[in-house]
Structures are given as C-alpha cells and as structure tokens.
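Colleague: Dropping a structure here in structure tokens format, bear with me for questions.
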Amino acid sequence: MSKTTRREFIKKSGMTVLSVGLAQQAFWRHVRAASENVLTQAAALSPVDRILVVIQLDGGNDGLNTVIPLSGSAASLYRQYRPTLALPEADVLPIGTDASGTLIGFHPNMQPLAELYARGHVAVIQSVGYPNPNRSHFASQDIWHTADPEGRKRTGWLGEYLDIAFPSADNPLLAVSLAGTRLPLTLRAEHVLVPAVGSVTNYQFRTQPPGDHQNKMQAFLALNREGAPEHVLREQIRLAALDTYESVQRLQSGVQRYTPDPTIAYNPQNSLARALQQVAQILAANLGTRILYVSIGGFDTHQAQATPHATLLARLSEAIATFYADLVRLGLEDRVLLMTWSEFGRKVVENGNQGTDHGTVGPQFLIGTRVKGGIVGEHPSLRPEDLNPGLGDPKFSARAIDFRSTYATILEKWFLVDSREILGGAFELLDVLRA
Numbered sequence: 006m007s008k009t010t011r012r013e014f015i016k017k018s019g020m021t022v023l024s025v026g027l028a029q030q031a032f033w034r035h036v037r038a039a040s041e042n043v044l045t046q047a048a049a050l051s052p053v054d055r056i057l058v059v060i061q062l063d064g065g066n067d068g069l070n071t072v073i074p075l076s077g078s079a080a081s082l083y084r085q086y087r088p089t090l091a092l093p094e095a096d097v098l099p100i101g102t103d104a105s106g107t108l109i110g111f112h113p114n115m116q117p118l119a120e121l122y123a124r125g126h127v128a129v130i131q132s133v134g135y136p137n138p139n140r141s142h143f144a145s146q147d148i149w150h151t152a153d154p155e156g157r158k159r160t161g162w163l164g165e166y167l168d169i170a171f172p173s174a175d176n177p178l179l180a181v182s183l184a185g186t187r188l189p190l191t192l193r194a195e196h197v198l199v200p201a202v203g204s205v206t207n208y209q210f211r212t213q214p215p216g217d218h219q220n221k222m223q224a225f226l227a228l229n230r231e232g233a234p235e236h237v238l239r240e241q242i243r244l245a246a247l248d249t250y251e252s253v254q255r256l257q258s259g260v261q262r263y264t265p266d267p268t269i270a271y272n273p274q275n276s277l278a279r280a281l282q283q284v285a286q287i288l289a290a291n292l293g294t295r296i297l298y299v300s301i302g303g304f305d306t307h308q309a310q311a312t313p314h315a316t317l318l319a320r321l322s323e324a325i326a327t328f329y330a331d332l333v334r335l336g337l338e339d340r341v342l343l344m345t346w347s348e349f350g351r352k353v354v355e356n357g358n359q360g361t362d363h364g365t366v367g368p369q370f371l372i373g374t375r376v377k378g379g380i381v382g383e384h385p386s387l388r389p390e391d392l393n394p395g396l397g398d399p400k401f402s403a404r405a406i407d408f409r410s411t412y413a414t415i416l417e418k419w420f421l422v423d424s425r426e427i428l429g430g431a432f433e434l435l436d437v438l439r440a
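For the sequence shown, the working numbering gives the first residue as 6, with consecutive numbering after it.
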C-alpha cells in the first residue's frame, strides 16, 4: 500500500480510539524498544497476586474535618480556630484514641467507612505529609506522584514498581487508570504501558459512519499486519496501533463477565462509585491487572466549605463501602488493598469565607481485609507553637509520618519488593498490613 493510500485511509476512515493515553505511550514505547511486542496473552491472576486500588482526593482534603479531635487541647483548639466549620461533638462518629491518647472520630457523613473501621478493615494513618511542604496543587501532587520532593523524576512511584516487577511488560493491562484520559504521573513508567481509559464504556475504537465499523476495523488490522514495513518509524506506529487495539479488545470482552448484583447498589449520581464499579468490572474479568487508579475532585474548599466537603466525604465513604461489598461478592476481598491520598491538608484556622486554605499534613486511609485496622500515629498538634508561623497549619514535626513510609509499606509488605530503589532511600515501615 502506498504512502498516499495510508494517509487517505487514516484521513477518510474517521476511526479513533476514545482514550488516546495508551496509543501515545505505545508509540513512544515502541520507538524506544522496537523489538518488544505486548500482544501475548495476559496472564490470569493467581491466588497470591495482590491488587492495589488508589483513590486520589483531588484538591487538598481538609483532614481536620475528616478525622476530628474529641478530647484534650486539640478538641478545644479545634473549636476555637473554626467557629463556623467545627463539627458539633455530638455528631462526630468516635473511632478510638491515637498514640497520644486523643479521642478522634470520623465526620458524621462517613458512617459506611466507620462501619468498615469497626470491622477492623480500615487503618487511619495520621499526620501524613513530607518535610518542607509545598502548598502548590501541581507541585505537591507531583511530589506525591513521584515520591520525589526534589521534583526531579518524570516517572511515578507505581510506574517504577511496574518496570521493576514486570520487566517483560507482556500485559497491556497491568495497570489501568480510570481518572480521566490523561495518565496520572503516579503510573507513568519507562517500559510498561498503562492505559488511561477514562471510562470502560468509552475505551473503544469508533468509526464514522458507525454502520461501516466492521469493514473499517478489518481494513485497519490488515493495514497494520502487512509484511515488512517501508520504514522503521512506520513499524513503531504499526506496533503501537496493534497494542492499542489489543488492549481495547481485551478490556471490552473481559468486562462482559461482570454481572451486577441488585443488592449491591452503586449510586449512579456518585462519580467515584461509578469509577469503582468499573474497577470491579475489570477485576472480575481476571485480566491480570495489578493497579487501578481513580479520583474524586472538589476538595479545594476555600469558601463555604461545610456542605460541599460533607457531600464529598459522604460520596467517598459510600463508594468505598459499596465497592468493598462487591469485592466480597466477587471473592476478591483478600487480594485488594485500597489507599487514599491527597496532595496536602488544609490550614487549621478557617478563613474569612467560611472555608480553609492550603495546608500541610492530613490523614490517609488504607482499606482491606489484610489491613490491621486502627489508628496509626498521632493527630496533628494544634497548639500555636506547633503551627507554622503566619501560616496556621501544622509543622512537619516528629509526630508526622512521611508519605513515603506508606508507599514503602505497600511496596515491601503488599507487593513484596524492595522499596529503596523506587523511593530513593529507606523509610520506616508502618505496622498496618497482615502477612
């Protein structure tokens, strides 16, 4: 087929893949490694394989109104600093005392998560952050994505894990992002392809007009499976196209194996619940997927925070509890670990708009049957001397936990790999996971 005909085919066929993230990655991967082809059959999950589901709370979650102090000086200072945003003590859901003896509780809209906590399946990691915190959304997110406070890395911590753990990279669905069509930096790797599908339903090839779809797909495959290409770059484009096609076909055929249970009702009005149901679809398909990434936005609550933040926490808690029930139904509860994260917390002192501004440390949640439920660490100190002068947010003090300790714990105790190469050093492991 001539060059002109190739161009005409692409121009006139009107065929696109609705999630371009994988296609772009596939192209560059094949440019770097022309000899590598990822069209082998995906290995099914074995009983010992473990899965991580990452939930990003985008915007900087207010940890102080998520996990609330109920005793000691922290409780009185909390109400002093937040005359309009402090939650009534009677409404808070007590969960226990932290390492300092402070009684803490969940926001009242987090009842479903509180029930999972009561069953021993939730670890609350307190005061999580990093030294010399950056209060910029983009800079701080990049630090969390890469586990590099210096901002030098262009690959993510889980992308590096995938490169190390799966050097052959023979499965294009080892990890999947459902957090939009732009791949989160967390999952960016050198060699492993990670599709940013946005939506399982929309991750497919479409043609114009739709009625000629089959003929155009056959032409597409014939075009890309022909004999020796005329140019090495064209070969990389051909292989990238086939990789993308293969991942689309596997995903679309695999998710058909999922049958919803009418007794497990994902809220269609809850975007996180919809995303987690798609995670359940992918896991039920047994495609060998090890990492799944979802997000929920809206946590940048600079004004009139009370109602929208309460709504977000209700959606988060509801979605996690529904997904957890689905995992139990699918028999996957022992193989799945959920981790939440947000780029920073909020200031202790509410602002003049009944909101909160960018802060430092905040809580993380780990959820799963292999989690050692409980409270890890101490609630942030709210004493004036422990706040950053003029900023009104907690210092990264000795009581704080570096987020890389959470990452190291997941890498070492969940994925059973050495975390030092990925994180650039050794970090304290948290006692939050069962063997």
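Yeah, the Cβ is synthetic: ideal placement off N, Cα and C, and Gly gets one too.
Can you give me the start and stop residues for the alpha helix (DSSP H) that T149 sits inside?
Modeller: In the sequence shown, counting from the first residue as 1, residue 149 sits at position 144. Reading off the sequence, residue 149 comes out as Trp, not Thr. Counting along the chain, the alpha helix (DSSP H) containing W149 begins and ends at 142-151.
Colleague: Could you check what DSSP says for T102 in three-state terms: helix, strand or coil?
Modeller: Residue mapping note: residue 102 aligns to position 97 of the sequence shown, counting from 1. T102 falls in the strand class under three-state DSSP.
Colleague: I need the DSSP call for Y83, collapsed to helix, strand or coil.
Modeller: Here residue 83 refers to the residue found at position 78 when the sequence shown is read from its first residue. The answer is helix: DSSP assigns Y83 an H, G or I state.
Colleague: Specify, as a first and last residue, the run of the beta strand (DSSP E) that Q261 falls within.
Modeller: Against the sequence shown, residue 261 aligns to sequence position 256. In the DSSP assignment, Q261 falls outside any beta strand (DSSP E), carrying neither H nor E.
Colleague: Please list, in chain order, all residues of the same chain as L434 whose beta carbon is under 8 Å from its beta carbon, the five residues on each side excluded.
Modeller: Residue 434 sits at position 429 when you count from the first residue of the sequence shown. Correct list, in chain order: S410, A413, T414, E417, K418.
Colleague: Under DSSP, the beta strand (DSSP E) around Y166 begins and ends at which residues?
Modeller: Here residue 166 refers to the residue found at position 161 when the sequence shown is read from its first residue. It is not in any beta strand (DSSP E) - Y166 instead sits in the alpha helix (DSSP H) that spans 162-170.
Colleague: Among E251, P273, Q274, R334, whose alpha-carbon lies nearest the alpha-carbon of T264?
Modeller: Counting from one through the sequence shown, the residue named residue 264 turns up at place 259. Looking at the Cα atoms, R334 is the closest of the given residues.
Colleague: Hey, how far is the Cα of F304 from the Cα of L317?
Modeller: Residue 304 sits at position 299 when you count from the first residue of the sequence shown. Residue 317 sits at position 312 when you count from the first residue of the sequence shown. Spanning the two alpha carbons is a distance of roughly 8 Å.
Colleague: Using 8 Å for Cβ pairs, my map puts A465 next to G378. What's the rounded Cβ distance?
Modeller: As shown, the chain starts at 6 and ends at 440. That puts residue 465 outside it, with no answer to give.
Colleague: In the structure shown, what three-state DSSP assignment does H363 receive?
Modeller: Counting from 1 along the sequence shown, the entry for residue 363 is found at position 358. Note: H363 maps to strand in three-state DSSP.
Colleague: For Q286, count neighbouring C-beta atoms within 10 Å of its own C-beta (all shown protein chains included) and say buried if the count is 16 or more, exposed if not.
Modeller: Here residue 286 corresponds to residue number 281 of the sequence shown, with the count starting at 1. Buried.
Colleague: For the alpha helix (DSSP H) that Y298 lies in, which residues bound it at each end?
Modeller: Numbered from 1 along the sequence shown, position 293 holds the residue referred to as residue 298. Taken as a continuous stretch (DSSP letters only), Y298 belongs to no alpha helix (DSSP H), being part of the beta strand (DSSP E) at 296-301.
Colleague: Report yes if the C-beta distance between A201 and T160 is below 8 Å; otherwise report no.
Modeller: Taking the first residue of the sequence shown as 1, we reach residue 201 at position 196. Taking the first residue of the sequence shown as 1, we reach residue 160 at position 155. Not closer than 8 Å, so no.
Colleague: Closest by CA to I169, which one among A80, S76, L428?
Modeller: Here residue 169 is taken as the residue at index 164 of the sequence shown, counted from 1. Of the listed residues, the one whose Cα sits closest to I169 is L428.
Colleague: Ordered along the chain, which non-local residues of its own chain (more than five positions away) have a Cβ less than 8 Å from that of T71?
Modeller: One-based indexing of the sequence shown puts residue 71 at position 66. For T71, where only same-chain residues beyond five positions count, the Cβ hits under 8 Å are F111, H112, M115, L318, G367, P368.
Colleague: According to the neighbour-count rule (16 or more other Cβ atoms, all chains shown, within 10 Å of its Cβ), is S141 buried or exposed?
Modeller: Reading the sequence shown from its first residue, position 136 is the one you call residue 141. With a 10 Å radius around the Cβ and a threshold of 16 neighbouring Cβ atoms, S141 comes out exposed.
Colleague: Check whether the region 130-150 touches the region 170-180, taking contact to mean three or more Cβ pairs, one atom from each stretch, closer than 8 Å.
Modeller: no
Colleague: Have a look at L44 and V260 and give me their C-alpha separation to the nearest angstrom.
Modeller: On the sequence shown, residue 44 is found 39 positions in, with the first residue counted as 1. On the sequence shown, residue 260 is found 255 positions in, with the first residue counted as 1. With a pLDDT of 29 at L44, under the threshold of 50, the predicted position of this residue should be treated as unreliable, though the coordinate-derived value follows. Distance between the alpha carbons of L44 and V260: 19 Å.
Colleague: So the alpha helix (DSSP H) F432 belongs to, where does it begin and stop?
Modeller: As a working mapping, residue 432 is identified with position 427 in the sequence shown. Run containing F432: none; DSSP gives neither H nor E here.
Colleague: To the nearest angstrom, how far is it from the Cα of A330 to the Cα of D266?
Modeller: On the sequence shown, residue 330 is found 325 positions in, with the first residue counted as 1. On the sequence shown, residue 266 is found 261 positions in, with the first residue counted as 1. About 10 Å.
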